[in-house]
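Below: the structure, in structure tokens.
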Amino acid sequence: MSSSPANERILIVDDSGTTLEVLQRNLSAAGYRVFTAPGVAEAVEILEGAALDLVITDLKMPKVSGLDLVRHVRENFKDTEVMMITGYPSIEGAVNAIKSGAEEFLAKPFTDEELLSAVQRALDKLKLRRSGHATPGHVVPTHKGFIGDSEAMRDVFVAINKAASTSATVLITGESGTGKELVSRATHYGGPRSSAPFVPVNCGGIPEALLESELFGHVKGAFTGADESRAGFFHAADGGTIFLDEVSDMSLAMQVKLLRVLQDKEVCMVGSNRSRKVDVRILAATNRDLQGLVRKGLFREDLFYRLNVITVFIPPLRERGDDILLLAHHFVTKFSAESGRSPLCFSDKALQSLMSYNWPGNVRELENVIQRLVVMTDGDVIEVPDLPTLMRFSALRERGLTRTLAHVEAEYISNVLSSVEGNKTLAAQSLGINRKTLREKLRKMEKPSS
Ligand SMILES: Nc1ncnc2c1ncn2[C@@H]1O[C@H](COP(=O)(O)OP(=O)(O)OP(=O)(O)O)[C@@H](O)[C@H]1O
Ligand SMILES: [Mg+2]
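Next comes the structure, spelled out in structure tokens:
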């Protein structure tokens, strides 16, 4: 199997000619082989003959609904992924899409970037299903979709394996862009619930007033505008996993409600006084110090302990050593292939700059930097001047700091010592310190790590 998008075949189904045209243009430009159908009947015909990798379908279409198409594909084409497009704010549509087997859903309006990354995710899942793992070039991901071979990341892979085999609640922590969502997906898809839904919810992105009804659903008449009953994300995830991203952004009032669901394993729709049992595994993520928030009274301690049954901490990129190079190579290969050019490479100095940069935005920042470099660099080699300004300066500053703190003093002491032919008493006098301090400094200089 090749990783080149040119071999990946996507069918778009939508009754709006304009939408078909826009999606077809975007996906073809990204290198995919694209088919289109104005309705479910035409889609079914194309499915028979085209050996598709992915079907992207609208939910609301005049004759047959997109949901029926999702079911048809799930039942008859096990080797094809499905993605549903729903109009905002039809959360119910999303819920139903997931229940009937769509791997991804995308709420309108969406940006080109969101479309492409949802398509990529759906296709990555397909690859994972087909072969365990598949990668471009010669970089081998060491764990389901992850690139990384550092000690720090191996600990993460071990933790994912352990977490995947249980149904315990997992708290995933790490700075922004370290891969928390990737870890949550690997935990779900690596475990016994992998064929049931995985439902990600960005708790920070949903307005406070809506969060409760989106999570737990609501009954008709529960509030102004609730014209009909709607299921929530917890219902959609029944039998599978819900991923509560940015869980620290929940208000204290919502935290109480979530705690109740965790304790009772029941959800109560807004406006109803009856609860319903749900079997949902919970994964939560945060890039904040939850324990610190507990101390400040901003996060409930009882909820913290409920969520924190297993913790997976993802280390920042700057602590992953050579993984930076593996990831850089992986992204260069990927983005070069996507833009149809032969893979770029880095000069040694540019690689050094990548290694000594602090990467506050972690893997996401590295991915973005490299995507830009592939677009902006004319030649075949990425040199230091091609790198973002901040990165070049930071590399210089960091090298300067290391010298000031450790090397300069050590170098000076060595010079003084050799000028007095190793006589420590004379050297101490010349340095203006006593012999004991000099001895301590020399001992430290002999230990490479200090
Ligand atoms: N080890 C890895 N190997 C390959 N790709 C990775 C790795 N870690 C992260 N990524 C990629 O980096 C991007 C950011 O990852 P992800 O969204 O999981 O991070 P996050 O911790 O959830 O970020 P945020 O805190 O901003 O929500 C994604 O495109 C993801 O696929
Ligand atoms: Mg995230």
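Quick note on numbering: numbering that gives the first Met the number 0 labels position 321 of the sequence shown as 320, and the sequence is numbered without any gaps.
Backbone N, C-alpha and C define an ideal beta-carbon position, used for all residues, glycine too.
Looking at C-beta atoms only, is the number of pairs between the segment 148 to 157 and the segment 105 to 113 that lie closer than 8 Å three or more?
-> no
Measuring from the CB of Asn-286, is there a heavy atom of ligand 1 at a distance below 6 Å?
-> yes
So, helix, strand or coil for Asn-201, using DSSP?
-> Note: Asn-201 maps to strand in three-state DSSP.
Using the rule of at least 16 other Cβ atoms within 10 Å of the residue's Cβ for burial, across every protein chain shown, is Thr-17 buried or exposed?
-> exposed
Could you check if Ile-241 is buried or exposed, using at least 16 other CB atoms within 10 Å of its CB as the buried criterion?
-> buried
Identify, in the order they occur along the chain, each residue of the same chain with its Cβ nearer than 8 Å to the Cβ of Val-138, setting aside the five sequence neighbours on each side.
-> Confidence at Val-138 is low in this model, with a pLDDT of 40, below 50, so its placement is unreliable and the value that follows should be read with caution. The residues are Ile-146, Leu-325, His-328, His-329, Thr-332.
Alpha carbon to alpha carbon, how far is Leu-386 from Lys-161?
-> 39 Å
Let me have the residue list for ligand 2: C-beta closer than 6 Å to any non-hydrogen atom, ordered along the chain.
-> Checking every Cβ against the heavy atoms of ligand 2 under 6 Å gives Lys-179, Glu-180, Asp-244.
Since Ala-40 and Arg-8 are thought to touch, with beta carbons under 8 Å apart, how far apart are those beta carbons, to the nearest angstrom?
-> Contact between Ala-40 and Arg-8 does not hold, since the beta-carbon distance rounds to 20 Å and is not under 8 Å.
What are the residues that DSSP puts in a beta bridge with His-217?
-> Beta-bridge pairing links His-217 to Arg-229, Val-269.
With respect to 6 Å, is the separation between the Cβ of Gly-528 and the closest non-hydrogen atom of ligand 1 below this value?
-> One cannot answer for residue 528 here, as it falls past the ends of the chain, which runs 0 to 449.
Nonlocal neighbours in the same chain, by C-beta distance under 6 Å from Gly-57, ignoring five residues either side | This sequence places Asp at residue 57; Gly is not what is there. Contacts found: Asp-13, Gly-65, Ile-84.
Beta-bridge partners of Phe-104, as assigned by DSSP = Met-83
Any idea if Asn-361 is buried or exposed, counting beta-carbon neighbours within 10 angstroms, 16 or more meaning buried?
-> Answer is buried; the Cβ neighbour count reaches 16.
Can you tell me the Cα-Cα spacing of Tyr-31 and Val-374, whole angstroms?
-> 19 Å
Among Asp-78, Val-269, Met-82, the one whose alpha carbon lies nearest that of Glu-227 | Val-269
Going by C-alpha distance, which of Gly-178, Pro-384, Leu-306 is nearest Arg-347?
-> The residue you asked about is not Arg; residue 347 is Asp in the sequence shown. The shortest C-alpha separation from Asp-347 is found at Pro-384.
Where does Arg-280 fall in DSSP's three states?
-> strand
Please confirm whether Leu-452 and Leu-170 have their CB atoms less than 7 Å apart.
-> With the chain running from 0 to 449 in the structure shown, residue 452 is simply not present.
Residue span of the alpha helix (DSSP H) that contains Ile-369, given as start and end | 361 to 375
For the 8 Å Cβ check, are there 3 or more pairs between the segment 192 to 207 and the segment 334 to 348?
-> Put simply, the segment 192 to 207 does not touch the segment 334 to 348. Fewer than three CB pairs are less than 8 Å apart.
Ordered along the chain, which non-local residues of its own chain (more than five positions away) have a Cβ less than 7 Å from that of Glu-113?
-> Leu-105
In the DSSP assignment, find the beta strand (DSSP E) that holds Phe-145 and state where it starts and stops.
-> Segment: none, Phe-145 is in no beta strand (DSSP E) and carries neither H nor E.
Pairwise C-alpha distance: Asp-322 and Gly-224 = Here the C-alpha atom of Gly-224 lies approximately 51 Å from the C-alpha atom of Asp-322.
For Thr-424: DSSP bridge partner residues = Bridge partners of Thr-424: none, in fact.
Tell me which same chain residues have a C-beta within less than 8 Å of the C-beta of Gln-23, skipping the five on either side of it?
-> Ile-11, Val-33, Thr-35
Would Thr-79 pass as a contact of Val-69 if the rule is Cβ separation under 7 Å?
-> Not a contact, by the Cβ cut-off of 7 Å.
Any idea what DSSP makes of Glu-432, helix, strand or coil?
-> It should be noted that the sequence gives Ile, not Glu, for residue 432. Reduced to three states, the DSSP call for Ile-432 is coil.
Measuring CB to CB, does Gly-176 end up less than 7 Å from Arg-363?
-> Closer than 7 Å, so yes.
What's the C-alpha gap between Ile-313 and Tyr-411?
-> 40 Å
Span of the beta strand (DSSP E) around Leu-248 | In the sequence on display, residue 248 carries Asp and not Leu. Taken as a continuous stretch (DSSP letters only), Asp-248 belongs to no beta strand (DSSP E), as it is neither H nor E.
Three-state secondary structure (DSSP) at Val-12?
-> strand
For the beta strand (DSSP E) that contains Thr-240, what are its first and last residues?
-> 240 to 244
Can you list, in chain order, the residues of its chain whose CB lies under 7 Å from that of Val-368, leaving out five sequence neighbours each side?
-> Pro-387
My guess is that Gly-239 and Ala-284 are in contact by the Cβ rule of under 8 Å, so how many angstroms apart are they, rounded?
-> That pair is no contact at about 17 Å.
Among the residues of its own chain, which have a CB less than 7 Å from the CB of Val-311, if the five just before and after it don't count?
-> Val-155, Ala-158, Ile-159, Ala-162, Val-169, Ile-171, Val-182
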